[in-house]
Each structure stands twice: as C-alpha cells, then as structure tokens.
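Peer 1: Dropping the structure in here first, questions after.
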Amino acid sequence: METIRWNIKNDETDNNRAIDEAAELIKQGQAVAFPTETVYGLGADATNEAAVAKIFKAKGRPQDNPLIAHVATVDQLKRLVDNLPDYTEKLFKAFSPGPLTYVLPSNGMCAKNVTADLSTIGVRIPDHPVALALLQKADVPVAAPSANLSGKPSPTIADHVWDDLHGKISGLLDGGPTGVGLESTVIDCTQDIPIILRPGGITKEQLEEVVGPVMIDPGLANAKEKPKSPGMKYKHYSPEVPLWIVEGAPATIQKVVDRERKKGNRVGVLANNYTAKHIKAEEKIVLGENIHEIATHLYDALRKFKQGDVDLIICEVFPEVGIGQAVMNRLRKAATEYIDE
Ligand code: AMP
Ligand code: MG
C-alpha cells in the first residue's frame, strides 16, 4: 500500500486540501495518521468495524487493548456515552480540548473492536488544530491509538510514524512535532470519585483542583494488582537496546556506567542538562532542563539509541511530581532493570 504524506502548517487548516483528502480517506474506511498535542495518532472511523480492524493490523496491537475515540466537541462526545456523573461537566470545561481521556459507559455507537468488548469507552477531544480540523471534516468519531508499532515508543514527529508504518497505512498528516510528548491521562469516570488509570498530560494535582479528590488505580503502583486499563499490562515504549533506570546522584550513575564499560558494553546515557554534564559515556542524550522538556523529548531520545551504536541505555530517575509521574510511568514500562545501589 502506498502511504500519502501531506505537510500541513498548524495555522493553515481552513479549507485545506490535505485535511479534505485525509478526511475523505477516513470516511472511506482507511487508516490515517495525524498529529495531536500529545503524540501522533493512527485514526479510523470508530463506527466502522472493518476500518478499526486496519488500525490493529497496521500496529500489531493486541485485540484486547481498547482504542480511544476522538471527537471535536463535547456534544459529539456525549453522543457516544451514557450516564455522565456531574463532575464530568467540570472536567470538560477545564480540560477539553486537551490531553485527558474520559472512560465512560458506552452507548454502543462505536464498533465493538474500539472498546475491545468492554461496556465502557475512552473518549477524548484533542487540542491540536490539525486533529480538530480533521475530526470536524470527517464528521465521525475517530478511533486513534498512538501511531507506532505496538511496543515501540509513541511517535512525537511524523518521521517516527513513517519509520514504523509507511506502506501499512493510507496517509500521514505531517504537522511537525507534537507538544506534550506523552500520551493523555486516562481517567475512569464511571464511579463517584474519578480514578486515574494512566498518568499523562494532565496531572493529578490539576484534576484535584477542579473536582476534589481523585484516586489512582492501585494496579498502576502495585505489580500484583491487575490494572483497570487493559493497555497498562503490556510492555511498552521499548528502545532497540535494554534500558536501565539508575537511582542516585551523577556519581552513582557514573559508577554503573564505568562498570558496564569495563565489561566491554557501550553505554548511552539519558539525563537532564545537569546530570549529563557530570557523566562520561559513549553517547549522551540531554532531555532538557525541566520536566516538561524531558517529557517532550523522551520518546525521540528512546528511538535515537540504535543497536550497533550502544549496548545499553542508562537513564536517571526524575522527581515524580506533576508530569514527572507520567515520565517515570513510561520509563518503568520501557526499562528492563531498576537499579538502586
Ligand atoms: P493508546 O491510545 O495507544 O495510547 O492507548 C490507549 C489507552 O487507553 C490504553 O492504555 C487503553 O487500554 C486505555 N483505554 C482505552 N479505552 C479504555 C476503556 N474503555 N477502559 C479502560 N481503559 C481504556
Ligand atoms: Mg500507544
């Protein structure tokens, strides 16, 4: 299959030929990748089971991992769900469009492979001009997981999507780099108190400011509990070579790096500006100064370390405050070892 690639500027989405063509392909039941403010998504008509099946096939995604349905407005969102608790209105006002996915009782409007046969559906309004223009034009709910091969880091630039999926999907809207760099926060809104199923772009602190106490799915912190979000049980975000997380100051990290180099291993280091300055290794990728920059650059960095260049990646631990919770959640899932000496 030939993959059409369109370049599009974020401020030129009105009457845009690329948006029209991409929306037409979605209406015809094809799968098309597009930028959102979190990561690139691979979209298909959520009401068309055969179209949705193309997403699972292209990504190699396990069938029991449900997809998020994307819509352009709160009215369209309400057409897919039943029984909204009162607090959802406050959340919509504060965070939609934005990187927050609501899990709500499904009313059956979407195809059953979108929800992996669950009674609930994840819905989100992305905050990106290209995504919103595409959703408006396609005029159907669009099921869209991240546009990467299953198991690999999510795509934050169009080239990541191209590397993973060209020849397997009908189109790719290249709108440049995404913003947040990590996926949306998934929040279960079927209970009296909302529960975070996956940490992401909106933090627990931000949610609590709007709706009061919010819980965190025990399955996220405790490996013995089954996570409520099916996707959280899978290994994810894996780079080409093993990733170790090493807790401690730069001197501690350097000790582990040196030990591995003595064994003949070439080591790549992932760190913030400060730590990177204090460490010697074959290759270093500096993620940035603050936790927002680190989130934005993480997936690109994980993809940049190639087999053949390094044998092992060592990453430091970042404080689990704000979006740092999502950063550490993704790193733990990507890592093969956690070292705390
Ligand atoms: P992705 O779009 O690849 O970032 O993954 C979407 C995430 O949302 C996965 O972790 C899914 O398991 C989760 N998700 C989607 N729909 C539901 C649902 N109805 N209930 C619980 N988790 C969901
Ligand atoms: Mg994903």
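First residue of the sequence shown? That's 9 in this note's numbering, and the numbers climb one at a time after it. We put the beta carbon where it would ideally sit given N, CA and C, even for glycine.
For a minimum of 4 consecutive residues, which ranges assigned as the alpha helix (DSSP H) are wholly contained in the region 109–180?
Peer 2: Listed in chain order, they are 137–146, 166–173.
Peer 1: Quick one: what does DSSP say L320 is sitting in, helix, strand or coil?
Peer 2: DSSP places L320 in strand when its eight states are reduced to three.
Peer 1: Give the C-beta separation of H122 and L75 to the nearest angstrom, bearing in mind that I take them to be a contact with Cβ-Cβ under 8 Å.
Peer 2: Checking the displayed sequence, the identity of residue 122 turns out to be Val instead of His. V122 to L75, Cβ: 5 Å. Contact.
Peer 1: Could you spell out the range, first to last residue, of the beta strand (DSSP E) harbouring I27?
Peer 2: No beta strand (DSSP E) contains I27, which is instead part of the alpha helix (DSSP H) from 25–35.
Peer 1: With a floor of 3 residues, list each beta strand (DSSP E) that falls wholly inside the region 200–262, ordered by position along the chain.
Peer 2: Fully enclosed beta strand (DSSP E) runs of 3 or longer: 203–206, 251–255.
Peer 1: In terms of residues, what are the limits of the alpha helix (DSSP H) holding A58?
Peer 2: 57–67 is the span of the alpha helix (DSSP H), which, as asked, contains A58.
Peer 1: With a cut-off of 8 Å, do at least 3 Cβ pairs link the region 142–152 to the region 64–78?
Peer 2: Yes, they touch.
Peer 1: Give the single residue among Q315, V138, A289 whose Cα lies nearest to the Cα of D19.
Peer 2: Out of Q315, V138, A289, V138 has the C-alpha closest to the C-alpha of D19.
Peer 1: Would the beta-carbon of T11 fall within 7 Å of that of H244?
Peer 2: No, these two residues do not count as a Cβ contact at 7 Å.
Peer 1: May I have the straight-line CA-CA distance separating A61 from H286, to the nearest angstrom?
Peer 2: So the alpha carbons of these two residues sit roughly 48 Å apart.
Peer 1: Assuming I299 contacts F326 under a Cβ cut-off of 8 Å, what Cβ separation, rounded to an integer in Å, is found between them?
Peer 2: Yes, I299 and F326 are in contact; Cβ-Cβ is about 6 Å, under 8 Å.
Peer 1: Does DSSP put L278 in a helix, a strand or coil?
Peer 2: Three-state result, L278: strand.
Peer 1: Among the candidates D266, E297, E291, A289, whose CA atom is the shortest distance from the CA of N281?
Peer 2: It is E297 whose Cα lies nearest to the Cα of N281.
Peer 1: So, with DSSP's three-state summary, where would you put Q84?
Peer 2: Helix at Q84.
Peer 1: Please classify S154 as buried or exposed, where buried requires at least 16 other C-beta atoms within 10 Å of its C-beta.
Peer 2: That one is buried.
Peer 1: With distance defined between alpha-carbon atoms, name the residue in G187, S158, T198 nearest to A342.
Peer 2: Of G187, S158, T198, the residue nearest in Cα terms is S158.
Peer 1: In the structure shown, what three-state DSSP assignment does Q315 receive?
Peer 2: Of the three classes helix, strand and coil, the one that applies to Q315 here is strand, per DSSP.
Peer 1: Which class does A77 belong to by DSSP, given the choice of helix, strand or coil?
Peer 2: In this structure, A77 counts as strand in the three-state DSSP scheme.
Peer 1: Report buried or exposed for S104, applying the criterion of at least 16 other Cβ atoms within 10 angstroms of its Cβ.
Peer 2: Looking at its Cβ environment, which holds 16 or more other Cβ atoms inside 10 Å, S104 is buried.
Peer 1: From what residue to what residue does the beta strand (DSSP E) around K374 run?
Peer 2: As displayed, the chain neither begins before 9 nor continues past 349, which places residue 374 out of reach and without an answer.
Peer 1: Which value, in whole angstroms, describes the spacing of the CA atoms of Q38 and K271?
Peer 2: Rounded to the nearest angstrom, the two C-alpha atoms are 49 Å apart.
Peer 1: Does the beta-carbon of G316 have 16 or more other beta-carbons within 10 angstroms, so that it is buried, or is it exposed?
Peer 2: Its Cβ having fewer than 16 others within 10 Å, G316 is exposed.
Peer 1: Please go through the same chain and pick out, in chain order, the residues whose beta-carbon is closer than 6 Å to the beta-carbon of V169, but skip the five residues on each side of it.
Peer 2: These residues qualify, in order along the chain: A41, Y48, A155, P163, L180.
Peer 1: Could you check what DSSP says for E268 in three-state terms: helix, strand or coil?
Peer 2: The answer is helix: DSSP assigns E268 an H, G or I state.
Peer 1: Does the distance between the C-beta of S154 and the nearest non-hydrogen atom of the ligand MG fall short of 6 Å?
Peer 2: Checking the Cβ of S154 against the ligand MG gives yes.
Peer 1: From L228, A30, D171, E301, pick the residue whose C-alpha is nearest to that of L52; which is it?
Peer 2: Correcting the residue type first, residue 52 is Ala in the shown sequence and not Leu. Answer by Cα proximity: A30.
Peer 1: Leaving out the 5 sequence neighbours to the left and right, which residues in its chain are closer than 6 Å to T44 when beta-carbon positions are compared?
Peer 2: These residues qualify, in order along the chain: P134, H136, A139.
Peer 1: Buried or exposed, going by whether 16 or more other CB atoms sit within 10 Å of the CB of G189?
Peer 2: Buried, by the Cβ-count rule.
Peer 1: Check for me: the alpha helix (DSSP H) holding Y346 runs from which residue to which?
Peer 2: Unbroken run through Y346 is the beta strand (DSSP E), 345–348; no alpha helix (DSSP H).
Peer 1: Which residues in the same chain have their Cβ closer than 6 Å to the Cβ of G330, if we skip the five residues on either side of it in sequence?
Peer 2: Answer for G330: T211, listed in chain order.
Peer 1: Taking 6 Å as the cut-off, is the CB of N73 close to at least one heavy atom of the ligand AMP?
Peer 2: N73 Cβ: within cutoff of the ligand AMP.
Peer 1: Keeping to the same chain, check which residues put their C-beta closer than 6 Å to that of I203; ignore five residues upstream and five downstream.
Peer 2: Cβ neighbours of I203 beyond the five flanking positions: D196, M223, D225.
Peer 1: Should L339 be counted as a contact of the ligand AMP given a C-beta to heavy atom distance under 6 Å?
Peer 2: Outside the cutoff, so no.
Peer 1: Under the three-state reduction of DSSP, which class applies to G332: helix, strand or coil?
Peer 2: Three-state DSSP puts G332 in a helix.
Peer 1: First and last residue of the alpha helix (DSSP H) that includes L99?
Peer 2: Here the alpha helix (DSSP H) through L99 covers 95–103.
Peer 1: Tell whether a beta-carbon distance below 7 Å holds between V265 and I322.
Peer 2: Against a cut-off of 7 Å, the Cβ pair of I322 and V265 comes out as a contact.
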